[in-house]
Amino acid sequence: MPTQTAPKTDRYAKSTTAFAKAKALMPGGVNSPVRAYKAVGREPITVRCGKGAIVTDIDGNEYIDYVLSYGPLILGHAEESVLAAISKAAGRGASFGMPTEAETQLAQVVIDAVPSVEVVRFVNSGTEAVMSAIRLARGAASGGGKPKIVKCTGCYHGHSDGLLVQAGSGATTLGVPSSPGVPESITSNTLLIPYNDLNAVHELFKEQAKDIACLIVEPIAGNMGCIPPAPGVGPNGKGYLQGLRDLCDEFDILLIFDEVMTGFRVAYGGAQALYNITPDITCLGKIIGGGLPCAAYGGREDLMRQISPDGPIYQAGTLSGNPLAMAAGLATLEALREEGVYEKLEATAAALETGLQKAASNANVPIYLTRVGSMLGVFFTNTPGSPITNYEQALTCNTDRFAAFFNTMLDNGIILAPAQYEAWFLSTAHDEACVAKTIEAACGAFKNAIGIE
Ligand code: PMP
């Protein structure tokens, strides 16, 4: 009997072995759920390294990366100036728990860049920035007498107890947590509204303004794909963000922009600079740490001075303002101030958008593609021709098609975030050749997406 030919070496063999070990030791084998690839029905690759727009897995496969660590790496992986800054800082010591000049330097850069930020506090993650901003808003609003906060369905603001409330992801009604372990006494203070719906905000404010400390929003929603704020329509039409600003002013409610994703991404000064709307408090993260753990919240001086030790609202952190993170952030933001950086990002992302649209149309796959600068959303829509402007609409997309598309892209050397509702990010390291390869792979991947049915 002829012996059976050995199977072709599995392209992901080492990743598979590595992930089996990881799963035995960590929940799902990961330190953040989306990395387990549950939504796309396969196991993740295990990364060995990254350089520029490329990541390499431990099997030696290379991928053009549109995850970019979920947004921070706007200069690409292991960018030289950032690397040099980190090594130099590391040589001086990793952490002190005492002031360093780098903190003041990054504070100055952030304050100069982001219109709403007059005073800033650094923390370690976006979750922490938002949690602290909410505490500030509650503490500052009417001396702490307003317990409620408002958020939009589909906007993600980190995993703190009061912010996990999410209709549609395990919970369906207002005030029900989407995670066990979060007491109802906390979630009942979080009120949900649909994104891009000013009437809903108005109605809610009319009923409950006296109890509401703040409204928090992603000015461009990046955690349900990429959904831009509705522009103003008609002669007196207000855009969504202007409408929020006006309603918050009218009802004496603080407006918080969560720019953890959009800050320094869609423009140097973030979405607030792009749309010219100034919130009271801003949360930042991702890019300001250049890939190291760093985030911040900042805003009007009269508010920020209420933070301890200037004021009574407590918030602290052993590693906050970490010297390595400050150095990486400073180097990243310095590179972003160079002439033409955002124009280049825009041009590359626009070329990708055009190519993807064409590839989808040639394959007869209806998609709804959104883009603001170097942030994209590719929705596998089930309602061709209708825009997707909020989470409820985004949820109607075809996630099976996305999974098939994702898997073909991965097998062809293009890595995307493994869920329909994550944004794509580009870096300055992505060039025309990356875009061309991506579009070529997408032609086949769109065909496979529809071929599964
Ligand atoms: N806010 C927004 C808008 C985010 O996109 C994220 C993370 N994706 C967070 C907050 C939470 O940040 P982190 O994961 O650093 O806690």
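The working numbering puts the first residue of the sequence shown at 109, with every later residue one more than the last.
Backbone N, C-alpha and C fix where the C-beta goes; we use that ideal spot for every residue, glycine too.
Please classify D388 as buried or exposed, where buried requires at least 16 other C-beta atoms within 10 Å of its C-beta.
D388 counts as buried, since no fewer than 16 other beta carbons sit within 10 angstroms of its beta carbon.
Quick one, which of Q465, N169, P141 has its alpha-carbon nearest I153's?
Among Q465, N169, P141, the Cα nearest to that of I153 belongs to N169.
Can you tell me the Cα-Cα spacing of N430 and C391, whole angstroms?
The straight-line gap separating the alpha-carbon atoms of N430 and C391 is approximately 18 Å.
Looking only at its chain, what residues have a beta carbon closer than 6 Å to the beta carbon of V473, apart from the 5 residues adjacent to it on each side?
The residues are F554, A557, I558.
By a C-beta neighbour count over all protein chains shown, 10 Å radius and 16 as the cutoff for buried, is Y529 buried or exposed?
Here Y529 is buried. Its C-beta has 16 or more other C-beta atoms within 10 Å.
Hey, A525 and Y178: beta-carbon distance below 8 Å or not?
Yes, the pair counts as a contact, with Cβ atoms nearer than the cut-off.
Under 8 Å, do T489 and V543 count as touching if we go by C-beta distance?
Note that the C-beta distance between T489 and V543 is not below 8 Å.
Could you give the first and the last residue of the continuous alpha helix (DSSP H) run that contains V190?
Run containing V190: 188–200, per the alpha helix (DSSP H) assignment.
Which value, in whole angstroms, describes the spacing of the CA atoms of N297 and A527?
So the alpha carbons of these two residues sit roughly 29 Å apart.
The ligand PMP and M483: does any heavy atom of the ligand fall closer than 7 Å to the residue's C-beta?
No, the beta carbon of M483 sits no closer than 7 Å to any heavy atom of the ligand PMP.
Give a yes or no on whether the C-beta atoms belonging to A215 and V228 are separated by under 8 Å.
Contact: yes.
Count the other C-beta atoms from every protein chain shown that fall within 10 angstroms of the C-beta of T491, then say buried if there are 16 or more, exposed otherwise.
Classification of T491: exposed, given that the 10 Å Cβ count is below 16.
Length of the line joining the Cα atoms of T164 and E188:
One alpha carbon belongs to T164, the other to E188, and they sit about 18 Å apart.
What would DSSP say about C391, mapped onto helix, strand or coil?
In the structure shown, C391 sits in a strand (DSSP, three-state: E or B).
Give the single residue among R156, A375, F127 whose Cα lies nearest to the Cα of E454.
For the set R156, A375, F127, the Cα lying nearest the Cα of E454 is the one of A375.
Could you tell me whether the segment 311–330 touches the segment 285–295, using the rule of 3 or more Cβ pairs below 8 Å?
Verdict: no, contact absent.
Under DSSP, the alpha helix (DSSP H) around T124 begins and ends at which residues?
Annotation: the continuous alpha helix (DSSP H) that includes T124 extends over 121–133.
Residue of K131, G158, I166, L362 minimising C-alpha distance to S123
Sorting K131, G158, I166, L362 by C-alpha distance to the C-alpha of S123 places I166 at the top.
Are the CB atoms of A329 and G262 nearer to each other than 8 Å?
With respect to G262, A329 sits close: the two C-beta atoms are nearer than 8 Å.
Below 8 Å on the Cβ atoms is my guess for A436 versus I194; work out the distance and round it to an integer in Å.
Rounded to the nearest angstrom, the Cβ distance from A436 to I194 is 5 Å, consistent with a contact under 8 Å.
Quick one: what's got a C-beta closer than 6 Å to I162's C-beta in the same chain, skipping five residues either side?
E170.
Is M564 near the ligand PMP, with its Cβ less than 7 Å from a heavy atom?
Outside the displayed span of the chain (109 to 561) sits residue 564, for which this structure offers no information.
Would you decide whether P180 is buried or exposed? Buried here means 16 or more other CB atoms lie within 10 Å of its CB.
So P180 ends up on the buried side.
Reduced DSSP secondary structure (H/G/I, E/B, other) of H185
In this structure, H185 counts as strand in the three-state DSSP scheme.
Check whether the Cβ of T440 lies closer than 7 Å to any heavy atom of the ligand PMP, and answer yes or no.
No, Cβ of T440 sits at least 7 Å from all heavy atoms of the ligand PMP.
Exposed unless 16 or more other CB atoms sit within 10 angstroms - verdict on G251
That one is exposed.
Residue range of the alpha helix (DSSP H) that includes C263:
Unbroken run through C263: none, as it is neither H nor E.
Run through DSSP, which three-state label would I547 get?
Judged by DSSP in its simplified three-state form, I547 adopts helix.
Considering Y405, what are the terminal residues of the alpha helix (DSSP H) in which it resides?
For Y405, no alpha helix (DSSP H) run applies; the uninterrupted beta strand (DSSP E) run containing it begins and ends at 403–407, by DSSP.
Unbroken beta strand (DSSP E) run spanning D508, endpoints:
Not the beta strand (DSSP E): D508 falls in the alpha helix (DSSP H), residues 507–519.
Would you identify the three-state DSSP class for G351, choosing helix, strand or coil?
In the structure shown, G351 sits in a helix (DSSP, three-state: H, G or I).
Where do the ends of the alpha helix (DSSP H) carrying I294 lie?
Element bounds for I294: 292–295.
Would you tell me roughly how many angstroms separate the C-alpha atoms of E447 and L438, rounded to the nearest one?
Straight-line spacing of the CA atoms in E447 and L438 works out to 17 Å.
Comparing the CB of M369 with every heavy atom of the ligand PMP, is any distance shorter than 7 Å?
Yes, the beta carbon of M369 sits closer than 7 Å to at least one heavy atom of the ligand PMP.
The beta strand (DSSP E) enclosing G158, as first and last residue numbers:
Where G158 is concerned, the enclosing beta strand (DSSP E) stretches over 155–159.
Buried/exposed call for R509, threshold 16 Cβ in 10 Å:
R509 is buried by the Cβ-count criterion.
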